[in-house]
Structure formats: C-alpha cells, structure tokens
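Chain order of the listed sequences is A and B. Going by the working numbering, the first sequence opens with residue 15, and the numbers climb by one from there. Going by the working numbering, the second sequence opens with residue 10, and the numbers climb by one from there. No residue lacks a Cβ here, since even glycine has one placed at the ideal position from N, Cα and C. From a predicted model like this one, the values you see are computed outputs, not experimental measurements. Below is one structure, written out as structure tokens, with a few remarks after it.
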Amino acid sequence: MKKSTRNYLLFSAFLIFSFISWLVQYDFGLAIWDNFLVFARDMVLILPPAFILIGLFDVWAKNETIEKHFGKTNNPMRFIYSILLASTTVGGTFVAFPVANALYHKGAKYSSIFTYVTAASLFMIPMTIMEASILGLKFTSIRLLASIPFIVIGAIVLEKYFEKTAYTLPRVDQK
Amino acid sequence: MIGLYIVTGVALVISFAFDRKKTWAGLKKGWMKFYKTLPSYLFLLMLISFILLLSEDFIIENLGQENIFLGLLFSLGIGSVTMMPGFIAYPLSRILLARGVPYMIIAAFVTSLMLVGVVTYPLEKSYMGKKATILRNIMSFLVAAGISLIAGLFYGELV
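Put into structure tokens, the structure is as follows:
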C-alpha cells in the first residue's frame, strides 16, 4: 500500500474514532480531538499562504541570486541571511522544510539550509517573545545567543559530510 | 499571521501583474508540493495530539531528577520525542521552575522540543531525504545538549 494511502486511511480511522468519542462522550478521545483542533487550526491558516509563497519563490527567484547569497560563492554572510530568513518564517519547521528544499534546488549550500532549518525552529520571533515574557529575558537571551555558534558549526560539519558523499535532497514538485 | 496573508496577497498581485503564466506555474508547483505532503501533515497532527495528551503529566512528574546530568539526559529525551506548541510548553516550564527544576534542565527541554523532531521524521524525510533527516536530528540533539550546558554555567548550576 502506498504510504499516502496508508496515512489517509489512518486519518479516516482517527476521524471515525473522534466522532464515536463524541457520540458516547468518551473523555480520552475528546481530549485528543481538542488537541488536534489546536494544531489543525494553525496548519489550516498557515500552510496555504506559505505554499503559495514557496511556489512563487520557485518560479521567480533566480538561481544566480540564491547561489550568490546562500550558495557556492561561499559568502560568509549566508549564515546571517539564513538566520534572518528563519526568524521571519511563520509556522516553524512545518514550513521550513519545504522552504529549505526549494532553496536547495535553487543552488543554496548545505550549510545555509541546515542553518536555516535549525534556526527556523529556534528563532521564530513570536515564539521568542512569548518565551521571554514567560520564562524571563535572561533565560531566552542565554539560550538564543549560545545557540548561534552551535548551529553554524553543526551546519558546517554536516555540509562537509554531505559534500563528500554527493548527497542530494529529494524533489517534491514532480508527480 | 495577518502579516503572512498581506505578504502573500501583495506577492500574488505583483506576480500576476508581471507574468500571468509564470504565476499560474508557481501556484501549480506550490499546490503539487502541498498535495504530496498533505497525508504526512495529517498523520503528524494526529500523532502529536495523542502524544501531547500523554506527555504533560509525565513531564511534570519526571523532570525533577536528583542527579542533574540524569535530569539533563532525561529532559533532552522527552523534548526530542514530544512536540507541543509554545503556549503549552512555556507555562509548563514555568511550573517546573517553580517546583525547583534547574534552568539547565528547562533549557534542555525547551530547546530539544523545538530542534529535535522524532515525530516529524516522516515529514522531514519527504523534503530532506532519510540521511539528512537522521543526521540533522542527531546534530540538533548535540546542539541542544551544548546550549543547556552553557545555560547551566550561566545560572551557576553546573559548578
């Protein structure tokens, strides 16, 4: 069975389970459904515009531009660009993975996309503000400042490895 | 969130004004990508909803270990396998802090929660490939450990 078919079947089973939970007022099932709604609402709101932007990026962004800022020219600024791009990515890794994939196929280096993906989960601006307001500015500043060198070093190490093994990321826009 | 819609709207209008055909091609590409990964997204949401329900009490009960390094490993582990939105994770961390759990452990939990995604594996794999997904997560786990140790130093919890 195809993986997507399996996932759709599982999801249908989940919907039926939730519906039955609602019919018989089964608390455990209802609680799962509540959690699901919380996440699903975000996804429904964020994913459509995000994928429209990714599609537009695909047709408009020139390979040379991406290569110049994120790619083969080895511009050290690429780490800063990647982190800046990441901090403005709405939706965290759910959106960052497809964006990273698109950047890669436009000629971005591994170190750029790994910095981007990692930073996208750590540096989202609204999340950071929320964290600082609940856990304190000191805590958030230490955590974020400490993470930058680790992220960049980690991304460079992974790049060294992947360049040696001639690894390529999958293409997702073909049928 | 509203910003995202404004940016998307403006980008679409400009794109259409410049080149209709290219814009349609872009929309089609975006749709293809979305369509191909939709089942992974759905599966993921389902899984997270379930894990979230089980994890909250478990975390409160188990994160305050006596041995700080054991606690560190434990919170890195929990952070890696669970996933929860910020508005649940941060208040939860605050409860833990109030119970005397060190900042280092909280840093480990929050950082690995965001960086390491065991449940997002199927989604990440479809965009990054198997090998990159596994290695990136291992790298992120180490990064989370490093960040927590530094936080521990700053709060004087290590020495």
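| query | For a contact meaning CB atoms closer than 7 Å, what does T91 of chain B contact in chain A? | reply | Going along chain A, no residue has its Cβ under 7 Å from T91 of chain B, so there is no contact; the nearest lies around 12 Å.
| message | Against A34 of chain B, what residues of chain A qualify as contacts under a CB-to-CB distance less than 9 Å, listed in chain order? | response | Chain A residues near A34 of chain B: G69, D72 and V73.
| request: List the residues of chain B whose Cβ lies closer than 8 Å to the Cβ of V186 of chain A, in chain order. | output: Under the 8 Å cutoff, chain B gives M41, K42, K45, T46, S135 and Y136.
| task | Quickly, what does DSSP pair A122 of chain A with across the bridge? List them, please. | result | Per DSSP, A:G85.
| query | Hey, would you say L172 of chain A sits closer than 7 Å to M148 of chain B, going by beta carbons? | reply | Result yes, Cβ atoms of L172 of chain A and M148 of chain B sit closer than 7 Å.
| Any beta-carbon of chain B closer than 7 Å to the one on V104 of chain A? | For V104 of chain A, the answer is yes, since a Cβ of chain B falls inside 7 Å of its Cβ.
| said: For R55 of chain A, would you say it is in contact with chain B, using Cβ-to-Cβ distances shorter than 7 Å as the test? | reply: It does not; no Cβ of chain B falls within 7 Å.
| query | Quick one: does the C-beta of V128 of chain B sit closer than 6 Å to a heavy atom of the ligand FAD? | reply | With respect to small molecules bound, the structure shown includes none, and the ligand FAD cannot be examined in it.
| task | Find the nearest neighbour of R108 of chain B within the set B:G35, B:K140, B:E75 and B:I23, judged by alpha-carbon distance. | result | Taking only the C-alpha atoms, the option nearest R108 of chain B is B:E75.
| field | Closer than 8 Å at the beta carbon, the chain B residues around M144 of chain A | value | Close to M144 of chain A, with beta-carbon spacing below 8 Å, are these residues of chain B in chain order: G95, F96 and Y99.
| request: Kindly indicate the opening and closing residues of the alpha helix (DSSP H) around T179 of chain A. | output: Taken as a continuous stretch (DSSP letters only), the alpha helix (DSSP H) holding T179 of chain A covers L151 to T179.
| What is the DSSP secondary structure of Y164 of chain B, counted as helix, strand or coil? | The answer is coil: DSSP assigns Y164 of chain B none of H, G, I, E or B.
| query | Do you know how far the Cα of F25 of chain A is from the Cα of S32 of chain A? | reply | Rounded to whole angstroms, the separation of the alpha carbons of F25 of chain A and S32 of chain A is 10 Å.
| task | Take H119 of chain A as the anchor and find which of A:F128, A:L149, A:Y130 and A:L183 has the nearest alpha-carbon. | result | Measuring C-alpha to C-alpha distances from H119 of chain A to each of A:F128, A:L149, A:Y130 and A:L183 identifies A:L183 as the nearest.
| Is it true that the stretch 141-149 of chain A meets the stretch 132-147 of chain B, where meeting means three or more beta-carbon pairs spaced less than 8 Å apart? | Segments in contact, no.
| Mind pulling the chain B residues with CB within less than 9 Å of G85 of chain A? | For G85 of chain A, none of the residues of chain B pass the 9 Å Cβ criterion, the least Cβ distance being about 17 Å.
| If you follow the alpha helix (DSSP H) that D28 of chain B is part of, which residue opens it and which one closes it? | Run containing D28 of chain B: none; DSSP gives neither H nor E here.
| So the alpha helix (DSSP H) K134 of chain B belongs to, where does it begin and stop? | Secondary structure note for K134 of chain B: its alpha helix (DSSP H) is the uninterrupted segment Y130 to M137.
| query | Can you tell me whether DSSP reads L51 of chain B as helix, strand or coil? | reply | L51 of chain B: helix per DSSP, three-state reduction.
| request: Could you check the C-alpha separation between T132 of chain A and S89 of chain B for me, to the nearest Å? | output: Distance between the alpha carbons of T132 of chain A and S89 of chain B is about 14 Å.
| By the criterion of Cβ-Cβ separation under 8 Å, what are the contact partners of I114 of chain B in chain A? | None at all; the shortest Cβ gap to chain A is about 12 Å.
| query | Cα-Cα, which of B:F118, B:L132 and B:P131 is closest to L136 of chain A? | reply | Among B:F118, B:L132 and B:P131, the Cα nearest to that of L136 of chain A is on B:F118.
| task | Can you tell me which of the three DSSP states Y44 of chain B falls into? | result | Helix.
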